[in-house]
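Colleague: Counted from 1, the sequence shown has number 207 at position 207 by full-length UniProt numbering; the numbering is strictly sequential.
Where is the CB? At the ideal position from N, CA and C, for every residue including glycine.
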Amino acid sequence: MNMTLTQLRYLVAVARHGSVTSAARALNVSQPSISVAIDTVEKNFGQKLFVRQRGSGIALTSFGRVAVAKAKQVLVEADELAELGTRQAAVSGELVLGCFEDLAPYFAPALIRAFSQRCPAVEIVIRDETFDTLGRRLSDSAIDLGLTYDLGLPAHFARILLHELRPHVLLPAGHALASLPAVSLADIAAYPLITTDQPHSWQHMLDLFLSRGLSPVAQSTTSSFELQRSMVANGFGVAVSYTRPHGDLSYDGLPLICKPLSDPLPMQRIILAHDTRQRLSNAALAFIDVAKAWFSAHEIFTS
């Protein structure tokens, strides 16, 4: 078996970007170079690593997932070997951070800025993910770390706690409950509940009500957190959320009323997740340290 580190880098890049075209653009090489590298690696293994999907790039085969994970580990160790000649070698390489789409705008840019100040030699790539895609892409080595809520992840994923959030209720201005200092789930159970259509998020919110023996009425779902907030601000219902931006206005400029929940509900965890079957690079380990320090030093807007 004869494979080069360059071929392995191309292989990992295609898995991360989901297409030969995107990988070639990211690496600034020609598409044929990457295609030839993949063909060579597949011939060495005697098995297909990718399957072509019309209109949606390529996807890893079951064998491809194992091969990419091993290739990534080889590349990490090769980078560490190259750094042995310098006693205090700077952390370098690439780090791909997958962020749950609701959390990304509020935390990812600040974390990346702090990390870049500490490790300027690392090229960091950020990807917006849903709950479903984040877990799959961590398993496929398409991303190195996932910034997300602790929902819907496999048991073999490591979870590094960064912060915990209490849930709160979103109400439109002038709502009958707006004058209360705190609101219970029983108080809002009679009003239409607006949720996002993320499966794990929707189920988690429903379970909060079921744990109190309640069933919310007239559920409607939205495609995003900001659309959910706008629907509430425009009087279509109420919502329960953990995420709270600075400034209680919807995208269309209408005011939102945020009230703490009086029920003794579990807090939601913001975590960094990674697949324990894959070795973390020095860049990923450094990012974990930076993220822990950043959350410890900053007061998160929750009330």
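Does Leu285 pass the burial test, meaning 16 or more other C-beta atoms within 10 Å, or should it be called exposed?
Modeller: Exposed, since its Cβ has fewer than 16 Cβ neighbours within 10 Å.
Colleague: Are there 16 or more other CB atoms within 10 angstroms of the CB of Lys72, so buried, or fewer, so exposed?
Modeller: Under this definition Lys72 is a buried residue.
Colleague: Going along the chain, which residues of its own chain have a beta-carbon closer than 6 angstroms to the beta-carbon of Leu5, five neighbours each way excluded?
Modeller: Only Ala78 meet the Cβ criterion.
Colleague: Short of 7 angstroms in beta carbon distance, which residues of its chain neighbour His204, apart from the five on each side in sequence? Order them along the chain.
Modeller: Within the same chain, His204 has close Cβ partners Leu151.
Colleague: In this structure, does DSSP put Val238 in helix, strand or coil?
Modeller: Strand.
Colleague: Looking only at DSSP bridge pairs, what is Val217 linked to?
Modeller: According to DSSP, which records beta bridges pairwise, Val217 is partnered with Pro192.
Colleague: With a cut-off of 8 angstroms on the beta carbons, I'd call Ile38 and Phe50 a contact; round off their distance for me.
Modeller: Yes, Ile38 and Phe50 are in contact; Cβ-Cβ is about 7 angstroms, under 8 angstroms.
Colleague: What first and last residue would you give for the alpha helix (DSSP H) that runs through Arg269?
Modeller: It is not in any alpha helix (DSSP H) - Arg269 instead sits in the beta strand (DSSP E) that spans 268–275.
Colleague: How far does the alpha helix (DSSP H) with Glu80 in it reach, from first residue to last?
Modeller: First-last of the alpha helix (DSSP H) with Glu80: 62–82.
Colleague: Short of 8 angstroms in beta carbon distance, which residues of its chain neighbour Ala189, apart from the five on each side in sequence? Order them along the chain.
Modeller: The answer, listed in chain order, is Phe209, Leu214, Ser215, Pro216, Val217.
Colleague: Within the same chain, show all residues whose beta-carbon is closer than 6 angstroms to that of Phe295, passing over the 5 residues directly before and after it, in chain order.
Modeller: Closer than 6 angstroms at the Cβ level, and outside the excluded window around Phe295, lie Leu162, His163.
Colleague: Could you tell me which of Glu80, Leu81, Val41 sits nearest to Gly64, measuring between CA atoms?
Modeller: Of the candidates Glu80, Leu81, Val41, the one whose C-alpha sits nearest the C-alpha of Gly64 is Val41.
Colleague: Does DSSP put Thr302 in a helix, in a strand, or in coil?
Modeller: For Thr302, the predicted model reports a pLDDT of 49, less than 50, meaning its position is unreliable; a value from the coordinates is still stated below. Reduced to three states, the DSSP call for Thr302 is coil.
Colleague: For Lys259, is the classification buried or exposed, using 16 other Cβ atoms within 10 angstroms of its Cβ as the cut-off for buried?
Modeller: The residue in question, Lys259, is buried, as its Cβ has 16 or more Cβ neighbours within 10 Å.
Colleague: Verify the CB distance criterion: does Asp102 have a CB-CB separation below 8 angstroms to chain B?
Modeller: Absent from the structure is chain B; it holds one protein chain and no more.
Colleague: Alpha carbon to alpha carbon, how far is Gln278 from Leu261?
Modeller: Those two C-alpha atoms are separated by around 39 angstroms.
Colleague: Identify, in the order they occur along the chain, each residue of the same chain with its Cβ nearer than 6 angstroms to the Cβ of Ile124, setting aside the five sequence neighbours on each side.
Modeller: Cβ neighbours of Ile124 beyond the five flanking positions: Leu95, Ile112.
Colleague: Going by the CB atoms, is the gap between Asn44 and Met3 shorter than 8 angstroms?
Modeller: Their beta carbons are under 8 angstroms apart, which means Met3 touches Asn44 by this criterion.
Colleague: Check Asp39 in the structure and name its three-state DSSP category.
Modeller: Of the three classes helix, strand and coil, the one that applies to Asp39 here is helix, per DSSP.
Colleague: For a test of the three-state rule: what should DSSP assign to His200, helix, strand or coil?
Modeller: The answer is helix: DSSP assigns His200 an H, G or I state.
Colleague: Report the partner residues of Lys48 according to the DSSP bridge assignment.
Modeller: DSSP, once it has assigned bridges, lists no residue as partnering Lys48.
Colleague: Relative to the C-alpha of Gly93, which candidate in Thr196, Val122, Glu226, Tyr191 has its C-alpha closest?
Modeller: Checked all of Thr196, Val122, Glu226, Tyr191; the closest Cα to Gly93 is Val122.
Colleague: Check this for me: beta carbons of Pro255 and Ala233, under 8 angstroms apart or not?
Modeller: Against a cut-off of 8 angstroms, the Cβ pair of Ala233 and Pro255 comes out as a contact.
Colleague: Just to confirm my understanding: we take Leu80, look at its own chain, exclude 5 residues before and 5 after, and list those with CB closer than 8 angstroms. What are they?
Modeller: As written in the sequence, residue 80 is Glu, which differs from the Leu given in the question. Closer than 8 angstroms at Cβ, skipping near neighbours: Asn282.
Colleague: May I ask which residues mark the beginning and end of the alpha helix (DSSP H) holding residue 310?
Modeller: The chain is shown from 1 up to 303; residue 310 falls before or after that span and cannot be answered.
Colleague: By a C-beta neighbour count over all protein chains shown, 10 Å radius and 16 as the cutoff for buried, is Thr130 buried or exposed?
Modeller: Thr130 comes out buried.
Colleague: Where does Thr148 fall in DSSP's three states?
Modeller: Correct three-state label for Thr148: strand.
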